[in-house]
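Note sheet for the following structure.
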Amino acid sequence: MKIHSVSPIKFNQRVANSLEKFSEQGGEKIANYINAAGKFAIAPLMILYNPFTKEPKENKKWAAIKQPVEAVITIAAQIMSLNLLYKGIDKLAQKGKLNFKLVQDAIKGGEIPKAVMQASGGDRAKAIKNLQKTCLDIFKDRAGTILTIALFVPVLAISNRIFPVIADLLTKDNDD
Amino acid sequence: MIKPITQSKIFNNHLKRVISDDAFAAKAIVVCSVMKDVFAYSVRYKTTMENKKIPEKRRPFVAAMDLASGIVTAIAQIAVGFSIANPKLQNALWNKMFKNAQFKHIDAAKKSFATILALIGSGVITERIIVPLMATPFAAFMERKFFKHIPQDTNNKKFSNYPFSTPAKNSVFKNFISFRTNKI
Chain A
1018 MKIHSVSPIK FNQRVANSLE KFSEQGGEKI ANYINAAGKF AIAPLMILYN PFTKEPKENK
1078 KWAAIKQPVE AVITIAAQIM SLNLLYKGID KLAQKGKLNF KLVQDAIKGG EIPKAVMQAS
1138 GGDRAKAIKN LQKTCLDIFK DRAGTILTIA LFVPVLAISN RIFPVIADLL TKDNDD
Chain B
28 MIKPITQSKI FNNHLKRVIS DDAFAAKAIV VCSVMKDVFA YSVRYKTTME NKKIPEKRRP
88 FVAAMDLASG IVTAIAQIAV GFSIANPKLQ NALWNKMFKN AQFKHIDAAK KSFATILALI
148 GSGVITERII VPLMATPFAA FMERKFFKHI PQDTNNKKFS NYPFSTPAKN SVFKNFISFR
208 TNKI
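Quick look at the structure:
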């Protein structure tokens, strides 16, 4: 396996390792994680400390609590559903029902994208295998986006039911 | 149903570009992410149009504001995401951060790096910080300039679907702003 660069710096290396690990999740899951993290951590702060909004503190608190509650419910639903979807797609692929033209052309002796060929060390058989996996991952990402969109309405409905209960519990002491 | 997709020229060209071009791969994920938001804005538009608590005369305008804010946010997200995905910027950042780091699969890591940064730029910084901060003064300005003639509604209940309606703040724009600043 080709290892790039030398003389590792501890912090950079740790970030690099995390990046590699995170990248294995695939684009759609990464997008959902980042969106949930923003909603969980940034959105409440923006609501509470936006200097331009002149709203009662209690109103701000309620709206701020809504964000992390919704973020947790959304990401849990998304990851569970995406895992199921990806498993289904993998099963279809194993049964030979997902044949990408790009891969079929490569098997017939056609062109293999340079990036895949390089990553496979010039080994054509390995490159075809990698190409199939890469195509499948991209297909999963796009199908995942459609699933995430379809989940939006039910997830929002669940979150709208749960959030007032949590907000009420968290602000109860202040109201009393 | 799947075969026409996996065999289609458009999808296979898309696959080819995502594999060969890191910037395109990052942009594709940003577009997918923005598509989700666009869907959310459309749902919001629909629920506003169907919300009987908003006076019928004002409903289309309030809904149009929801939609307009969604479109502006989506455009801003795409602009920022695409700029961050730019290969020159990516290379500069990569060299600065990971000059001495070791990678098992450097190409995959580079692709993810571009995607993650573009997503943070568009979905966190633009959508959650810049837009909410700018929305309030911008709407106040718009209201002052163009919508002075819209009569103020003194009945608080009419806008009770919005999170922060108070009798003094019942103008269409201020409701719109409360909504944007406390985006769902």
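Respectively, the protein sequence lines represent chains A and B.
Count along the first sequence from 1, add 1017, and you get the number used in this note's numbering.
Count along the second sequence from 1, add 27, and you get the number used in this note's numbering.
Beta carbons: idealized from backbone N, C-alpha and C, even for Gly.
Q: State the Cα-Cα distance for the pair residue 74 (chain B) and residue 66 (chain B), rounded to the nearest angstrom.
A: 12 Å
Q. How about residue 61 (chain B) and residue 52 (chain B): do their beta carbons lie closer than 9 Å?
A. no
Q. Between the beta-carbon of residue 139 (chain B) and the beta-carbon of residue 1036 (chain A), is there less than 9 Å?
A. yes
Q) Under 9 Å between the Cβ atoms of residue 1151 (chain A) and residue 1099 (chain A)? A) no
Q.
I need the straight-line Cα distance from residue 125 (chain B) to residue 84 (chain B), nearest angstrom please.
A. 58 Å
Q) Using a Cβ-Cβ cut-off of 7 Å (strictly less than) and excluding sequence neighbours within five positions of residue 111 (chain B), which residues of its own chain qualify? A) 144, 145 and 148
Q) Rounded to a whole number of angstroms, what is the C-alpha to C-alpha distance between residue 113 (chain B) and residue 1051 (chain A)? A) 20 Å
Q: Could you tell me if residue 1111 (chain A) is buried or exposed, where buried requires 16 or more neighbouring beta carbons within 10 angstroms of its beta carbon?
A: exposed
Q. Just by C-beta distance, which residues in the stretch 85-116 of chain B are closer than 8 Å to chain C?
A. The structure shown contains no chain C; the protein chains it does contain are A and B.
Q.
Closest to residue 163 (chain B) by C-alpha separation, out of A:1046, A:1063 and A:1069, would be which residue?
A. A:1069
Q | Contacting positions in the stretch 1134-1159 of chain A - beta carbon closer than 9 Å to chain B | A | 1135, 1136, 1148, 1151, 1152, 1155, 1156, 1158 and 1159
Q: Determine the extent of the alpha helix (DSSP H) in which residue 62 (chain B) is found, giving its start and end residues.
A: 49-77
**Q.** Closest by C-alpha distance to residue 87 (chain B), when choosing among B:101, B:71 and B:99
**A.** B:71
Q. Given residue 1145 (chain A), which residues of its chain have a CB within under 8 Å of its CB, disregarding the five upstream and five downstream residues?
A. 1120, 1123, 1124 and 1129
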